[in-house]
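Read the structure below first, then the notes.
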Amino acid sequence: MGDMTNSDFYSKNQRNESSHGGEFGCTMEELRSLMELRGTEAVVKIKETYGDTEAICRRLKTSPVEGLPGTTPDLEKRKQIFGQNFIPPKKPKTFLQLVWEALQDVTLIILEIAAIISLGLSFYHPPGESNEAKQQDGAAAMEMQPLKSAEGGDADDKKKANMHKKEKSVLQGKLTKLAVQIGKAGLVMSAITVIILVLYFTVDTFVVNKKPWLPECTPVYVQYFVKFFIIGVTVLVVAVPEGLPLAVTISLAYSVKKMMKDNNLVRHLDACETMGNATAICSDKTGTLTTNRMTVVQAYVGDVHYKEIPDPSSVNAKTMELLVNAIAINSAYTTKILPPEKEGALPRQVGNKTECGLLGFVLDLKQDYEPVRIQMPEEKLYKVYTFNSVRKSMSTVIKLPDESFRMYSKGASEIVLKKCCKILNGAGEPRVFRPRDRDEMVKKVIEPMACDGLRTICVAYRDFPNSPEPDWDNENDILNDLTCICVVGIEDPVRPEVPEAIRKCQRAGITVRMVTGDNINTARAIAIKCGIIHPGEDFLCLEGKEFNRRIRNEKGEIEQERIDKIWPKLRVLARSSPTDKHTLVKGIIDSTHTEQRQVVAVTGDGTNDGPALKKADVGFAMGIAGTDVAKEASDIILTDDNFSSIVKAVMWGRNVYDSISKFLQFQLTVNVVAVIVAFTGACITQDSPLKAVQMLWVNLIMDTFASLALATEPPTETLLLRKPYGRNKPLISRTMMKNILGHAVYQLTLIFTLLFVGEKMFQIDSGRNAPLHSPPSEHYTIIFNTFVMMQLFNEVNARKIHGERNVFDGIFRNPIFCTIVLGTFAIQIVIVQFGGKPFSCSPLQLDQWMWCIFIGLGELVWGQVIATIPTSRLKFLKEAGRLTQKEEIPEEELNEDVEEIDHAERELRRGQILWFRGLNRIQTQIRVVKAFRSSLYEGLEKPESRTSIHNFMAHPEFRIEDSQPHIPLIDDTDLEEDAALKQNSSPPSSLNKNNSAIDSGINLTTDTSKSATSSSPGSPIHSLETSL
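Numbering (our numbering), first residue to last: 19 to 1046.
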């Protein structure tokens, strides 16, 4: 039938249905209305309109066994009439939109203003101006600004293009706040610089020298004031850490690229960094913690409990024949065991994994299931009772050669054994199976199997006479009086690397919880094998029913206080529905039980996991087993479906955080030194020792190159030895502040020493108070060269931020760092020796070079001195870049697709944000009402209201209402284990009610007064659930 999400096809379909609907005898409108019905209503509708399912298949020109003919003309015609089975991609943002978003960065706004002012001043020529040389510094400063803006902006483009989450990530918030704080400090410093320069000039000229203000001298005075203003702008530019956006982007982009090799496909850049702060992981069991390769490892056949696969000769021939037939016939014929793709590999399991395990058991008994299936093809099956959550079993009826009937049944052992009244003994003969025998069997066979982490399945059969023919619709009578053939224990082995990965998570302060559809015993056994729970620990293992009972009040509403009593100790949630998973994730995230807000990562593979994946801070979808909807809702896709890949994501996330901290430690040291040098130099000598072009080069080192060098450090296992930083931890710790101020003291001491007594030390001419057109001096060149050398060696110091002594540890594992440091050194030699007037440099002698390098090397020694001073003694040190609780935006106040509101915008325009937020809410509510009304009255005729999971995820009109109480029908939920036994396709099965999984519904925000009830069958909203 195809997907009805594509609006282009939709409009065509409306036109085509009248003309082409007749070709298939069924219009899309009819099929859609049929999809809105469930259970008996659907059966009645089919009988009234079409006769039976066979008639529908004939009308649609398809076969219930073979499917579509598959010919190109037929497929094209179906595409034309019913639409393509395809989710339309989101429209990407244009380049100009990305540029505009990038320009909203606070750092860039400051630089943009500085660039405009500097540009305007550099074009200013006062009347009578003859000396243009004074403009050079202004022009250079002007050149400097757009370069930085473009650089940061380009980097931010890439970042913004990939980030469309509800709220800026923790790191983004901290960085933005820090940038604003530094910007303010820089603004104050630049203002003070300008005021001091203007006052000094005015007092010196008009008070001390008593010169009168002559009108003809006005242009000269204005020129002086312009120069002072440009020096002020230079101080501001040096103070602003414009490399921050670039460093974040480089670090994230580099990490994302490398994470691909670790089987993490990152869809949203900020998810990478958020993962570093994760405090909890809610993981699926099947396929993530386990191999998703079911294998029978124990069996109870002929009154004997075999702890491993029995020898075929020890099983009675009659029993063997019944067992092979029961497994081969009573399973989906699409389930097969195929030969391995590579030599030495395991056979490939295709189709339902549990059935594959049973077929594998047949092969292990040296039998073959294919001849049985050839003899009894799928179309000859007389009646099929497909698996569903009510039956918790599957049965297939066949007609025997003597016209009598035989029914094979399989399902959860506790369910099927209750319906058995006989069991095959060692001789293959049925013997009486009383309730007390069953209780003994549960105690001696089934419970020990479950405690070993095995899923127990009972295989049984029943014979019926041909006359009179049984009433096949009376299930209670049919699915009874069975004869048990055997009980098998199926294991989904734990992935060998998972226990170690979970141990690393726990050591890193991350709590791992298992959320599964399996029964509590199996789940607990697997959790023990994985290391999620340890015997003797105080922990909780709950089933979905019990979990719901504990978290809801008398009215059936979920209460946060009740969740807070459970989640800290909860380790296993068994027999859970997707709704339970969403409730748990939301409960942990919204909890105020702990000092820090919990950062939760979730894994999911099914369409129903979409809400939980969206709600989580980081959603992991399975790349192999995951549905498109789960992938669309996720932040990271695990390409190998393996839990150990999540641990790699944690490492990379923490590495991003540390990389940014390393870069900040380096850059802020340079900033502090450069600002103070520019400020004091300008105030004392009326000229900055570091010229504008030199400052541009220093900026290039500390922005582009340093961010590339420090942000590409590979992660190490030591990152997992500490607890998560948390949302409130400052970006700049007291240890980092000690390093920044300590190195700034060393650098300033040496630069001022060189500035005021350097000419005597090196016996050269002083560069201070040099005439306007004088050539570059050796004195100022030595200051510039020493400054750069100190930055180069301090870059090595910046590799460690937690007070470690060995700053060279692992330096050769990062070839980018080594290349950049050596490359920068080489370019510095070229600039100093051959830069000449453009770089204000004079070539230096070898001994002068040695002194510059020696002072630079002193940084490494000084770093060891600073590491010796205990941070606890330095009480005056303050932290910076901390996010307070007040500054975190409550997520429920933010709509999924509303323009992101970051912390700087809050500081800049609080009133506007409240206004826009209110406006957005009203618009959203109007859209919800319109969508509901149009779908209710127009029968979903508009493309906007089409029933699509993609729409459900992407558009605000169908938001998941987190706060709505909703009691899931636990018994009606298709559980993970149960779904494993579902029949794929058989003619009679179509009428069975096996879609009840969808009833664990997702409420829509349309009418909160009906929040506790699911939508009624037959309504358009109900059809949306159906499409889910």
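Glycine is no exception: its CB is placed at the ideal position from the N, C-alpha and C atoms.
In terms of DSSP beta bridges, what is residue i paired with?
i	result
Ser413	Tyr403, Ser427
Ile621	Here residue 621 turns out to be Thr, not Ile, going by the sequence shown. DSSP output for Thr621 lists Phe638 as bridge partner(s).
Ser890	The partner list for Ser890 (beta bridge, DSSP) is empty, contrary to what the question assumes.
Cys469	DSSP output for Cys469 lists no bridge partner at all.
Ala592	Glu561
Val512	Thr308
Check residue i in the structure and name its three-state DSSP category.
i	result
Gln882	helix
Ser273	helix
Cys290	helix
Arg311	coil
Glu813	helix
Ser953	Bear in mind that a pLDDT of 46 at Ser953, under 50, signals an unreliable position, so the number given afterwards is only what the model happens to contain. DSSP places Ser953 in helix when its eight states are reduced to three.
Asp783	coil
Phe482	strand
Phe970	Any answer about Phe970 is weak, because its pLDDT of 34 lies below 50 and its placement is not dependable; what the coordinates show is given next. Phe970 falls in the helix class under three-state DSSP.
Glu975	Residue placement at Glu975 is poorly supported in this model, since its pLDDT is 33, which falls under 50; the coordinates still yield a value, given next. Three-state result, Glu975: helix.
Pro419	coil
Asn1110	This structure cannot speak to residue 1110, because the chain is shown only from 19 to 1046.
Cys476	strand
Lys440	strand
Ala543	helix
Ala317	strand
Straight-line CA distance for residue i to residue j?
i	j	result
Ser413	Cys438	14 Å
Val806	Lys276	31 Å
Leu418	Thr71	25 Å
Pro107	Gly624	20 Å
Asp627	Ile576	19 Å
Gly88	Trp670	46 Å
Val850	Gly841	14 Å
Arg740	Gly527	7 Å
Gly1036	Val368	Bear in mind that the predicted position of Gly1036 carries a pLDDT of just 41, short of 50, making it too unreliable to give a figure here.
Tyr400	Leu55	26 Å
Val505	Tyr318	5 Å
Phe638	Val825	35 Å
Gly429	Ala335	23 Å
Leu773	Val848	23 Å
Within 10 angstroms of the Cβ of residue i, are there 16 or more other Cβ atoms? Answer buried if so, exposed if not.
i	result
Pro707	buried
Ile213	exposed
Cys476	buried
Arg525	exposed
Ile800	buried
His552	exposed
Arg409	buried
Glu735	exposed
Arg831	exposed
Leu864	exposed
Val775	exposed
Gly641	buried
Pro259	buried
Arg531	buried
Nearest chain B C-beta to residue i closer than 8 Å, yes or no?
i	result
Gln115	Protein chain content of the structure displayed is limited to a single chain, and chain B is not contained in it.
The alpha helix (DSSP H) spanning residue i covers which residue range?
i	result
Arg852	The sequence shown places Phe at residue 852, not Arg. It spans 833 to 852 - the alpha helix (DSSP H) in which Phe852 sits, taken as one unbroken run.
Leu682	661 to 703
Ile581	578 to 584
Tyr351	Note, Tyr351: premise wrong, no alpha helix (DSSP H); not H, not E.
Ile210	188 to 220
Lys604	596 to 608
Pro254	Note that residue 254 corresponds to Leu in the displayed sequence, not to Pro. It spans 236 to 257 - the alpha helix (DSSP H) in which Leu254 sits, taken as one unbroken run.
If you follow the beta strand (DSSP E) that residue i is in, where does it begin and where does it stop?
i	result
Thr501	500 to 509
Pro629	It is not in any beta strand (DSSP E) - Pro629 instead sits in the alpha helix (DSSP H) that spans 628 to 633.
Cys13	Nothing can be reported for residue 13: it is not among the residues displayed for the chain, which extend from 19 to 1046.
Val530	529 to 533
Please tell me whether, using a cut-off of 7 Å, the distance from the CB of residue i to the nearest non-hydrogen atom of the ligand NAP is below it.
i	result
Val530	The ligand NAP is absent from the structure shown, which contains no ligand whatsoever.
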